[in-house]
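Sequential numbering from 93 applies to the sequence shown in my numbering. Glycine included, every Cβ here is placed at the ideal spot set by N, Cα and C. Note that the structure is a prediction, hence the values are computed from the model and not measured.
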Amino acid sequence: MIKGTVWQVDNATVGAQGNWHRLGADELIIQWMVVDELAFMPGTGLKPAPRMPDWDRIAKQPWAKSVILGMAGRFSEQEARAGAERLAELSALVASLPTPLNVTGWYFPVEVDPTWQDAPALVEQLEKLPRPLWISVYDSANVGADTLTQWLTGWLPEDVGILFQDGVGVHARDAATARQYADTLAAGLGAERLRVIVEAFRPDGKGGFRPASAEELAIQINAMQGHDIYLFDGPHYVHDRLVDKLLENQQTVGPQG
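Written out as structure tokens, the structure reads:
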């Protein structure tokens, strides 16, 4: 059904628990180990989080058999983009430190979209980081799949993959259109360079977000079958009751492949 989940580590989720492996998840994308100069791992020399995740426990979870490790980021997208050089330096430090996790790739959490005119300058920072390397891509301006793909192929190094945010959770597009994006990106960049981030949330009408319902999320998952799917994000939005409901409705979702 899915390949993995994303975990946007914060103080509220350091004890992350879940049953995402029941949906097929065996890979974890960790959003960051350092955010706003606060470290969720030892050895950085930065201010430590009030409580560290138990990385030994996480490493043993069936939904974290392999990990794409996010390095250093900021909660503010504007600040992350403006401070990309500093984040690249911190990310290189994070990548050099040992963890008990089975790290199979790295994620630089400075998100890009076609409205960011200076995005190609990010290449200089990407060159400082280990491979396999991933960045996050979205299209809230809805420039279209072809334009987005052409834009990325015009500057993104060929050894950097993308985590494409489907945009369904923020109502940027419907699931069928998101599938068209994924197919176009896979054709233009290569399927091996694409991972699809399915947004498992919806606006709650109060300025925040709520978990997507099983019915809402099943439509997204079903639309993306055949691509490597990751739910954003597991600890915040994909609770055990939602997993149970998705499994009950699995005949609607269908097998991945």
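Report task. Let me know if Ser183 comes out buried or exposed under the rule of 16 or more other beta-carbons within 10 Å of its beta-carbon. Result -> Here residue 183 refers to the residue found at position 91 when the sequence shown is read from its first residue. Classification of Ser183: buried, given that the 10 Å Cβ count is 16 or more.
Query - Proximal residues to Gly116 (C-beta, below 6 Å), its chain only, five neighbours per side dropped - result: Taking the sequence shown and counting its residues from 1, one reaches residue 116 at position 24. Closer than 6 Å at the Cβ level, and outside the excluded window around Gly116, lie Met93 and Ile94.
Requested in this report: Could you tell me whether the Cβ of Gly137 comes closer than 8 Å to any Cβ of chain B?
Outcome: Absent here is chain B; the protein component of the structure consists of one chain.
Query - Thr105 versus Asp325: straight-line alpha-carbon distance, rounded - result: Position 13 of the sequence shown, counting from 1, holds the residue named residue 105. Position 233 of the sequence shown, counting from 1, holds the residue named residue 325. Looking at the two C-alpha atoms, the distance is approximately 11 Å.
Query raised in the report: Count the other CB atoms within 10 Å of the CB of Ala237; is the residue buried (16 or more) or exposed (fewer)?
Result: In the sequence shown, the residue the question calls residue 237 occupies position 145. Within 10 angstroms of the beta-carbon of Ala237 lie 16 or more other beta-carbons, which makes it buried.
Requested in this report: Could you check the C-alpha separation between Asp205 and Ile321 for me, to the nearest Å?
Outcome: Working through the sequence shown from its first residue, we reach residue 205 at position 113. Working through the sequence shown from its first residue, we reach residue 321 at position 229. When rounded, the distance between both Cα atoms is 20 Å.
**Report entry** Stretch-stretch touch, CB-based, cutoff 8 Å, three pairs: the segment 173-183 with the segment 148-157
**Finding:** In short, these stretches do not touch, since the Cβ pair count stays below three.
Report task. Could you check which residue in Ala156, Ala131, Thr136 and Ile227 has the C-alpha nearest to that of Met144? Result -> For the purposes of this step, residue 144 is taken as residue 52 along the sequence shown, with counting starting at 1. Ranking the options by Cα distance to Met144, first place goes to Ala131.
Requested in this report: Determine contact between the segment 288-302 and the segment 246-254, defined as no fewer than three beta-carbon pairs at a distance below 8 Å.
Outcome: Taking one beta carbon from each stretch, the segment 288-302 and the segment 246-254 have fewer than 3 pairs nearer than 8 Å; the two do not touch.
Query raised in the report: Short check: CB of Val98 to CB of Ile289, under 8 Å?
Result: In the sequence shown, residue 98 corresponds to position 6, counting from 1. In the sequence shown, residue 289 corresponds to position 197, counting from 1. Yes, the pair counts as a contact, with Cβ atoms nearer than the cut-off.
Query raised in the report: Out of Ala264, His328 and Ile313, which has the shortest C-alpha to C-alpha gap to Asn341?
Result: If you number the sequence shown from 1, residue 341 lands on position 249. The shortest Cα separation from Asn341 among Ala264, His328 and Ile313 belongs to Ile313.
Query - Whole-angstrom distance between Ala304 and Arg173, CA atom to CA atom - result: Mapped onto the sequence shown, residue 173 falls at position 81. Mapped onto the sequence shown, residue 304 falls at position 212. Counting only the Cα atoms, Ala304 lies some 29 Å from Arg173.
**Report entry** Close-in-space but distant-in-sequence residues of the same chain around Ala267 (CB under 6 Å, 5 per side omitted)
**Finding:** For the purposes of this step, residue 267 is identified with residue 175 of the sequence shown, where counting begins at 1. Same-chain partners within the cutoff: Val260, Ile311, Gln312 and Ala315.
Query raised in the report: Going by the beta-carbon positions, is the gap between Val262 and Glu308 smaller than 8 Å?
Result: Counted from its first residue, the sequence shown places residue 262 at position 170. Counted from its first residue, the sequence shown places residue 308 at position 216. No, they are not a contact pair.
Query raised in the report: What does DSSP give as the partner residues of Ser158 in its beta bridges?
Result: Counted from its first residue, the sequence shown places residue 158 at position 66. Looking at the DSSP output, Ser158 shares a beta bridge with Glu119.
Query raised in the report: In whole angstroms, what separates the C-alpha of Trp112 from that of His319?
Result: Translated into positions along the sequence shown, residue 112 becomes position 20. Translated into positions along the sequence shown, residue 319 becomes position 227. Distance between the alpha carbons of Trp112 and His319: 17 Å.
Query raised in the report: Where do the ends of the alpha helix (DSSP H) carrying Gln257 lie?
Result: Locating residue 257 in the sequence shown gives position 165, counting from the first residue. From DSSP, Gln257 is part of no alpha helix (DSSP H) but of the beta strand (DSSP E) over Val252 to Gln257.
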